[in-house]
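Okay, so here's the structure we're looking at.
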Ligand code: 01S
Ligand code: CA
Ligand code: ZN
Ligand code: ZN
C-alpha cells in the first residue's frame, strides 16, 4: 500500500516541528559523521528517489553527480515538507534515519497514515475569512471550481453554507492563526489543509500574505485551492511531478483544468469513482428497502419533491436540493434550500411548475409558496385554497400535466386532480393511485412530468410511466438522478 508515515500536512508538519526543536548544535559535523551521513543519504536517495533509468550517463560523465544528489535531496525535502535547502542538514538526516516504508517516493499518489476519509457523501464548506487581494466573488468562484475538480471524479458533493461550522472551513490567515502552524509571510508556505476528520479536519487555510489572483501573476488561487482540497479529502503529497498533489506550485488554468491521472487514481482509491449517469431506460435490480440514511447516494434514498424550474430539474431531499439540466447530467449541483428559498426553511413536501404561467408551487405541511424562478412571490398561503378537504394536512407529491392542464396531488395512496384552467379541484376525487396508474406501487414521494412521461419517485425506485400506453415502461434507481 502506498502509505508512508509522515506525509501531508496533518502529520508532516508535526514531524517537522518536532525535528526543529532539536538543538542544531547537536549535529556535530565532524568529517567522519559527515561521511557516514553522506553515504547513508546517498543510499537512501538512490533507493527512494531514483526514477527509472537512474542518473543519465551524460550527467555522470559531465561530473554533475553532485548536482543530481542535491536535486534528489531537494525532492526529498519537499516531499517531507522540510526546508528545501538541497543540503543534508539535520532535519533532513533525521528523516533519512527514521524507519520508513520501502515503497519509493517517486511512484505516485499517497494517502495519509490511517487513510482518513470522509464517511458521508455530502460535505459542507464555508469561506469564513476572505483575502484583500481578490474580490469575494472571485474567491468563491475559485473555491467552487477547485472543489468541482474533485467532485467530478468521485461520488461526493459539496454544499456551500454561509454560517455555522462547515466540514471544510476555508479562511485566509496571517502569521500565527491559532492552529500551531503559523504562516511565514510572502512565498514559502502558501497554504495548508487538514486531513478528513472532526474539528480542524478538512479545514483549509491560505496565507493571506501571498498575492492571490485568478490569473498567472502572484499565486493562482484555484491552483492552490485544488491542491489543498486534495489534502482535505485525504490525499497526501504525490511524487508524480504531473500530479496536482505534487508538493510544489505550478500554475493551472482553471478553465482548462482536468484532474491529472495520478490524482484521479488516488482519490478514487479512497472514494471510488463517480458513477456515470444511467440515462438510458433500463431496469436495474431494485435493492430491498433499508432504513433511512442521510447519504443521498444510498440506494434506498428518495426525494421529497421534484420539479422543473425554468430549464432546470430540481430534486429536493431534506435541506438540500440538486439542480440539473435535464439532458446534461454532467452539471449536477447541490445547494441548500435555505440559500435559495429561505422562506421554505428546511425540507419541502411537494413542488410543481406551470411553465406557461412562469410560476412554481412549493408545498410544506398545510402551506404553499409561489415562485417565479427562484424569486419568491409573497408569503405562505394555505393549501385549502386549492379545495383540499380539511383532513389533508400535507401533500406527498404534485405533478402538473401539460396536456390536460391539470395538477395531480398525491396524498397517501390516493390522488386529487386540480384543473389549472378553471383553478378548481375536480369532482370524483380522490382516486386510488394504484388503480389509476397501473404498475406504480408504494407511497409516492415526488413526481414530475418530462417529455410525456410521468416519473413517480417511490423510495429507491423511480417508475417511468407512459401516459399514452398508461403503463410503467421502466423502473430506475432514484439516486441515479443525482449521478450516484
Ligand atoms: N500545502 O498543501 C503545502 O503543500 C504547503 C507546504 C506544507 C508543508 C504545509 C505549501 O504551501 N506548499 C507550496 C504550494 O505551492 C509549495 N502548495 C500548493 C500547491 O499548489 N502545490
Ligand atoms: Ca507564505
Ligand atoms: Zn492554519
Ligand atoms: Zn500540499
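In this note's numbering, the protein residues as written are 4 to 487.
Note that beta-carbon positions come from the ideal geometry of N, C-alpha and C, so glycine has one too.
If you're wondering where the values come from, they're calculated on a predicted model, not measured in any experiment.
Nearest neighbour of residue i, chosen from the options [CA to CA]
i           : options            : result
residue 407 : 384, 175, 452, 83  : 452
residue 273 : 428, 121, 369      : 121
residue 48  : 37, 38, 71, 394    : 71
residue 2   : 344, 342, 376      : Here the chain comprises residues numbered 4 to 487, so residue 2 is not present and cannot be evaluated.
residue 233 : 247, 242, 444, 222 : 247
residue 314 : 393, 361, 421      : 361
residue 338 : 45, 474, 320       : 320
residue 85  : 430, 250, 266, 356 : 250
residue 482 : 46, 324, 112       : 324
residue 252 : 212, 271, 236, 192 : 192
residue 461 : 39, 307, 334       : 307
residue 368 : 486, 39, 383       : 383
residue 136 : 277, 211, 310      : 211
residue 1   : 194, 221, 260, 218 : Nothing about residue 1 can be read from this structure; the chain reaches only from 4 to 487.
residue 424 : 444, 450, 389      : 389
residue 182 : 90, 95, 206        : 206
residue 114 : 343, 426, 236      : 236
residue 162 : 217, 336, 90, 139  : 336
residue 43  : 134, 95, 330       : 95
residue 190 : 364, 164, 87, 218  : 87
residue 178 : 73, 341, 154, 213  : 213
residue 431 : 449, 444, 392, 202 : 392
residue 305 : 45, 446, 455       : 446
residue 142 : 77, 322, 227, 238  : 227
Close beta carbons around residue i, own chain, < 8 Å, minus the five adjacent residues each side
i           : result
residue 404 : 410, 411, 452, 457, 470
residue 176 : 132, 186, 208, 209, 210, 211
residue 275 : 157, 158
residue 154 : 160, 161, 277
Sequence-distant residues of its chain with Cβ nearer than 7 Å to residue i (five each side left out)
i           : result
residue 435 : 416, 417
residue 366 : 351, 352, 353, 354, 386, 398, 401
residue 204 : 197, 198
residue 380 : 373, 374
residue 267 : 156
residue 271 : 156, 157
residue 200 : 119
residue 473 : 441
residue 485 : 299, 318, 325, 335
Boundaries (first-last residue) of the alpha helix (DSSP H) holding residue i
i           : result
residue 100 : 93–100
residue 266 : 264–274
residue 227 : 224–236
Residues near residue i in its chain [Cβ-Cβ closer than 6 Å; skip 5 each side]
i           : result
residue 224 : 145, 215
residue 265 : 111, 112, 241, 243, 246
residue 41  : none
residue 294 : Unreliable placement is indicated for residue 294, whose pLDDT of 37 sits below 50; the coordinate value is still reported in the next sentence. None.
residue 370 : 383
residue 316 : 327, 329
Residue interval of the beta strand (DSSP E) (run including residue i)
i           : result
residue 417 : 417–422
residue 414 : 409–414
residue 86  : Unbroken run through residue 86: none, as it is neither H nor E.
residue 395 : Taken as a continuous stretch (DSSP letters only), residue 395 belongs to no beta strand (DSSP E), as it is neither H nor E.
residue 404 : 400–404
residue 250 : No beta strand (DSSP E) holds residue 250; DSSP gives it neither H nor E.
residue 383 : 378–385
(request) Go through the region 128–214 residue by residue and report every complete run of the beta strand (DSSP E) that reaches 3 residues or more, in order. (result) If we require 3 residues or more, the beta strand (DSSP E) runs fully inside the region 128–214 come out as 160–163, 171–176, 194–196, 207–210.
(request) Within the region 305–376, note down every full beta strand (DSSP E) run reaching 3 residues or more, in order along the chain. (result) Here the runs fully enclosed are 308–312, 315–320, 323–328, 331–339, 353–357, 362–367, 370–375.
(request) Jot down the residue ranges of each uninterrupted beta strand (DSSP E) in the region 426–474, minimum 3 residues, whole runs only, in chain order. (result) Along the length of the region 426–474, whole beta strand (DSSP E) runs at least 3 residues long occupy 449–453, 456–461, 464–469, reported in chain order.
(request) Pair every Cβ in the region 181–198 with every Cβ in the region 146–165, then say whether three or more of these pairs are closer than 8 Å. (result) Taking a cut-off of 8 Å on C-beta distances, the region 181–198 does not touch the region 146–165, as fewer than three cross pairs fall below it.
(message) Using a Cβ distance threshold of 8 Å, determine whether the region 166–180 contacts the region 114–129, with at least three qualifying pairs required.
(response) Yes, since at least three Cβ pairs between the region 166–180 and the region 114–129 fall closer than 8 Å, the two stretches touch.
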